[in-house]
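In mature numbering (1 follows the signal peptide of the UniProt record, and there is no 0), the protein residues as written are -23 to -1, 1 to 398.
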Amino acid sequence: MKKVMLKTSLGVAVALASSQLLASGFALNEQSISSMGTGFAGRSSSADDASTVFGNPAGMSRLKREQITVGGAAVIAKSDISGRGSNLGGETDGDMVPLVGVPMGYYVKPIDDHWSVGFGVYVPFGLVTDYGSDDAARYWGKKSHVEVVTFQPTISYAFNDKVSIGFGPTINRIKGELGSSLINPFTPGRNDGEVKIKGDDTAVGYNIGILVQATDSTRIGLTYHSMVDYKLEGKTRVSTPLIGPFNGNKFDATLKIKTPESVDLSVTHELDDQWTLYAGSTWTRWSRLKDITVQNDVPAPLAGSAFQTITEEQNWHDTWAHAIGASYKVNKEWVLRTGFTVDQSPTNNHDRSPRIPTGDRKVFSLGAGWSPNEDMTIDVAYSYLWEEDTKVNQVSATKGSYQAKYENSAHGVGASLTYRF
């Protein structure tokens, strides 16, 4: 049984990623450790290993040997929260994001001089936040744990040694656990009720890319990641602080949400035998997210109640992320990487909530690749993210008010293994 949404957790549907994860909105960047080392600059033009299945499926044509890449990243986030908090009381605790892990795995096999096939499993979106039972933000989003896992079979075709294209349908599985506190109208801030939900759905999208060897030393890549349209159908569960018609009940619910399309344009330039430069820009169509509307099928005696149709304004805007990077080949075994990224936030000052209290961000990255032989490469990467200070100022007739300033930062570490057969 699929379960979704409820009255006080609308923002969760939007917050498919923690504000501290290394991309804006609810997108994740951690699909490649080799790309992570350069701040994801050149993601659609590098094609260094099998993770190009995500970065640019056309890049599989550059991989002349069958290979597999597996790895993972971890994000250690920190939020300094200050300000008034809630008018209903509660502590202001910055430890709202636990340690987050992001796995990935890819396989590529060349068929002949033109065709290659492959597949990938990765996490393009995700959220983990937990404010706790006594936190001032619990009415606006006590707990959120949502992830999207994508499986992508992929094919590429090289017209010649200059131009190749690639395509892969994506099968996307979304699931999560969400919860919020409900206010006791007689003793606000004490003896709260609670709402808990679990949900899942599967939807299909696609990724498509082109890779051009413009000169002997310069490659240009363009990748389009499609919008994915989800429809979740399931149940809402409400445990109110008082005995009443909603207490302990479940209601059928329907929620529609679209994850946005994005376009990545990258350039990789081999300056000489040792130095390689990278640059890239990514546009994401977050403006699709104007609001979230949930339809709950409540019985006739309760029709017209606040639980029947719930809408929360979001009014997100499109964003750009820009990155530059470089790598230095020390010798046959070692390559060192670095990168710098600036990434816009899609939120606005009026509608920003504790679910995603995020602002524009900057990311500094370091990485290294070690190839003890021609068959194996181990990549590691580290990123440090810091955001501009952001403010949340929300007022609701049912949840009181919440005012706070967030100072967010995060450390990201990752490692992957590529083995060539």
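The C-beta atom is built at its ideal place from N, Cα and C for all residues, glycine as well. Because the structure is a prediction, the values reported are computed rather than measured.
Heavy atom of the ligand ADP within 6 Å of residue i beta-carbon
i, result
"K173", "Inclusion of the ligand ADP in the displayed structure is not the case, the ligand content being empty and no account of it being possible."
Local Cβ density within 10 Å of residue i, reported as buried at 16 or more and exposed below that
i, result
"G66", "exposed"
"K119", "buried"
"P276", "exposed"
"H202", "buried"
"R329", "buried"
"A24", "buried"
"S133", "buried"
"A381", "buried"
"T127", "buried"
"A135", "buried"
"R332", "buried"
"R167", "exposed"
"D193", "exposed"
"D169", "buried"
6 Å Cβ shell around residue i - same chain, five flanking residues per side excluded
i, result
"S243", "G19, R20, S21, S22, G198 and G257"
"V205", "N149, A180, G182 and T236"
"residue 421", "What is shown of the chain runs -23 to 398, which leaves residue 421 out entirely."
"T354", "G346, S348 and T395"
"Y83", "A27, S28, V30, T46 and G97"
"R196", "S22, Q190 and T245"
"T69", "I58, G62 and A113"
"G153", "H122, V123 and G176"
"K(-21)", "Unreliable placement is indicated for K(-21), whose pLDDT of 39 sits below 50; no coordinate value is reported for it."
"M81", "Q8, G48 and Y99"
"R265", "K235 and P237"
"V357", "A345 and A392"
CB of residue i within 7 Å of CB of residue j, strictly
i, j, result
"V312", "Y359", "no"
"V123", "V77", "no"
"P323", "W252", "no"
"residue 404", "T231", "Because the chain in this structure spans residues -23 to 398, residue 404 falls outside the shown range and cannot be described."
"G95", "T131", "yes"
"residue 430", "P34", "There is simply no residue 430 to check, as the chain begins at -23 and stops at 398 in what is shown."
"A300", "T318", "yes"
"N385", "E365", "no"
"S158", "R115", "yes"
"T367", "G344", "no"
"G48", "L188", "no"
"P334", "V372", "no"
"N292", "N326", "no"
Inter-residue CB distance, residue i and residue j (contact presumed, cutoff 8 Å)
i, j, result
"G156", "K173", "5 Å"
"V85", "A27", "4 Å"
"G32", "T217", "At roughly 48 Å, the Cβ-Cβ gap does not stay under 8 Å, so G32 and T217 are not in contact."
"D177", "I151", "6 Å"
"Y383", "I58", "6 Å"
"D268", "E289", "6 Å"
"I10", "A392", "6 Å"
"E7", "A50", "4 Å"
Sequence-distant residues of its chain with Cβ nearer than 8 Å to residue i (five each side left out)
i, result
"R42", "P87, R397 and F398"
"E351", "R397"
"T296", "S1, G2, W260, T261, W263, D320, Q321, S322 and P323"
"K309", "S348"
"R39", "A24, T29, S141 and L188"
"L248", "S194 and L254"
Cut-off 7 Å between Cβ atoms - residues of its own chain near residue i, not counting five sequence neighbours on either side
i, result
"M73", "S56, T106, D107 and Y108"
"F228", "K212, T213, N273, D274, V275 and F284"
"V307", "L313"
"D111", "G67 and E68"
"E171", "G156, S158, L159 and S216"
At least 3 beta-carbon pairs within less than 8 Å: the region 51 to 65 vs the region 89 to 101: Using a Cβ-Cβ distance cut-off of 8 Å, the region 51 to 65 and the region 89 to 101 are not in contact, since fewer than three pairs of beta carbons, one from each stretch, lie closer than that value.
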